[in-house]
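So the structure is just underneath, and the comments pick up after that.
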């Protein structure tokens, strides 16, 4: 696989027997010998370790960093307390989503984690908008690990007892196996757990010490995808992109009141006119959960219809798979808002056949965060 | 036992041909979560797509290896798709067909040739 980048954990993945695939310009483990289904179930039952070092880590420094970031995202950055993290998204002039991200207030700087496929564009956007008042540092000498699942707390607390005290979306600097790590209590599986930014040269040793815990197993991108879909979480480039607004994507909860019409810092981000109008008046379409009634998975691209035959497609599946915990097929997609109510009967066309599917509440499996 | 390049195995049994997928195919597919089989009594043409297998990764087709009639399908793998991973050469056969033309069997691989084929 020429021209693909490798994370600091590449050799370890091979030693663990991973099947490597190209993903967002990186050679990444899609699964280990355990297989996608068992990896998924293990993460929900105990704990899984994910290499997410392909994701972008960025630091913003400067007295106006929070104000500056608020010009690019519709979130309350200034009001985010020290040691706390928040979910956000970069928007464009049309109200679409350019990328989604996590940002944390780490005292004298903001720490951002952005998607691998968007990181170059994100860094360029941040530099163009914020420099020179704000220093934009793209971190290339750190790996990123995620430890997820009900046993994640016990496994990580074995190395640093203080992580047990952290609550969902707390961030802290923690010494793990002798390395200075930036830890957040968050993740993208619907489970309790941590994301750990670790110096590249200390990453393998930390991963190995975590994997030496009998409760922890390595998890590939395959199970990462089914875990996040069961948790109702969006995958950028699939469920959200530059053409979907946060309101259509059912992410309005991520726009704090203060940035909405009538709020103290209303608007002032790209596409604010479109997004704030949609928050007030609704959007023509909405991202929903979809549960096929049969056993056939409805994959990304499946067209959605109102009737069992005839008519034009009204929507489309943006993520679809079999849910190992759900033990049934599951999907997310966009439908007209008037058809977005839970329980609405629709049809997905799979291999020329219209199969019944119902609009369902998200997440498909209950979240297990440590609030 | 004969093997196709599509990773199906064919076994003669009481004048019928029993068809399933190979262990190699089931490993490559990963965990199978859905199987769609043809109706019993369907007349099929060689290379026609007649079954769908969906795994956690993707959907793939099974082609009719011969012309003929589908006389029996295996409901077990519809009810428990994971059997395709557990016992692809045994319990998890897909269908039995009554061939109208057995001549393609000559071209299909024997076990040694198939082992070489999958490397």
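Residue numbers (the working numbering), protein chains in the order written: chain A, 1 to 371; chain B, 372 to 490.
All residues carry an ideal CB built from backbone N, CA and C; glycine is no exception.
What you are looking at is a predicted structure, and each value in this text was computed from that prediction instead of being measured.
**OP:** For residue 161 of chain A, name the three-state secondary structure that DSSP assigns.
**Re:** helix
Original post:
Comparing the C-beta of residue 321 of chain A with each C-beta of chain B, is any distance below 8 Å?
Top reply: yes
Original post:
For residue 91 of chain A, which three-state DSSP category applies?
Top reply: For residue 91 of chain A, the three-state secondary structure derived from DSSP is strand.
Subject >> Segments of 4+ residues assigned as alpha helix (DSSP H) that fall wholly inside the region 384-456 of chain B >> reply: Counting whole runs of 4 or more residues, the region 384-456 of chain B contains the alpha helix (DSSP H) stretches 394-400 and 446-450.
Subject >> Close-in-space but distant-in-sequence residues of the same chain around residue 167 of chain A (CB under 8 Å, 5 per side omitted) >> reply: Cβ neighbours of residue 167 of chain A beyond the five flanking positions: 185, 370 and 371.
Subject >> Any 3 or more C-beta pairs closer than 8 Å across the region 274-282 of chain A and the region 243-259 of chain A >> reply: yes
Subject >> For residue 475 of chain B, three-class secondary structure by DSSP >> reply: Of the three classes helix, strand and coil, the one that applies to residue 475 of chain B here is helix, per DSSP.
Original post:
From residue 170 of chain A to residue 280 of chain A, what distance separates their C-alpha atoms?
Top reply: 31 Å
**OP:** Tell me, please, which residues DSSP counts as bridged to residue 281 of chain A.
**Re:** Bridge partners of residue 281 of chain A: none, in fact.
Original post:
Can you give the Cα-Cα distance for residue 109 of chain A and residue 314 of chain A, rounded to whole angstroms?
Top reply: 45 Å
**OP:** Compare the C-beta of residue 299 of chain A against all C-beta atoms of chain B and say whether one is closer than 8 Å.
**Re:** Taking Cβ atoms only, chain B reaches closer than 8 Å to residue 299 of chain A, which makes this a yes.
Subject >> Residue range of the unbroken alpha helix (DSSP H) whose run includes residue 224 of chain A >> reply: From DSSP, the alpha helix (DSSP H) with residue 224 of chain A extends over 221-230.
Original post:
Quick one: is residue 56 of chain A near chain B, going by C-beta distance under 8 Å?
Top reply: no
**OP:** Mind checking which residues open and close the beta strand (DSSP E) that includes residue 299 of chain A?
**Re:** Unbroken run through residue 299 of chain A: none, as it is neither H nor E.
Original post:
Straight-line CA distance for residue 372 of chain A to residue 443 of chain B?
Top reply: The question about residue 372 of chain A has no answer here: the residues shown for chain A are numbered 1 through 371.
**OP:** Assuming residue 121 of chain A and residue 238 of chain A form a contact by the criterion Cβ under 8 Å, report the distance between their Cβ atoms to the nearest whole angstrom.
**Re:** For residue 121 of chain A against residue 238 of chain A, the beta-carbon gap comes to about 17 Å, at or over 8 Å, which does not count as contact.
Original post:
If you draw a straight line from the alpha carbon of residue 343 of chain A to that of residue 406 of chain B, how long is it in whole angstroms?
Top reply: 26 Å
Original post:
Any residues in the region 392-416 of chain B with a beta carbon nearer than 8 Å to a beta carbon of chain A? Which ones, in chain order?
Top reply: 401, 402, 404, 405 and 407
Subject >> Buried/exposed call for residue 85 of chain A, threshold 16 Cβ in 10 Å >> reply: buried
**OP:** Please state whether DSSP places residue 63 of chain A in a helix, a strand or coil.
**Re:** coil
Original post:
Does the beta-carbon distance from residue 197 of chain A to residue 57 of chain A come in below 8 Å?
Top reply: yes
Subject >> Assigned exposure category for residue 355 of chain A - 16 Cβ within 10 Å defines buried >> reply: It counts as buried.
Original post:
Three-state secondary structure (DSSP) at residue 12 of chain A?
Top reply: helix
Original post:
Between residue 208 of chain A and residue 50 of chain A, is the Cβ-Cβ spacing less than 8 Å?
Top reply: no
**OP:** Return the first residue and the last residue of the beta strand (DSSP E) that residue 102 of chain A is part of.
**Re:** 97-105
**OP:** Kindly indicate which residue of A:269, A:211 and A:112 has the alpha-carbon position closest to the one of residue 55 of chain A.
**Re:** Measuring from the Cα of residue 55 of chain A, the nearest candidate turns out to be A:112.
Subject >> Cβ neighbour criterion (16 or more within 10 Å) applied to residue 182 of chain A >> reply: buried
Original post:
Does the beta-carbon distance from residue 26 of chain A to residue 154 of chain A come in below 8 Å?
Top reply: no
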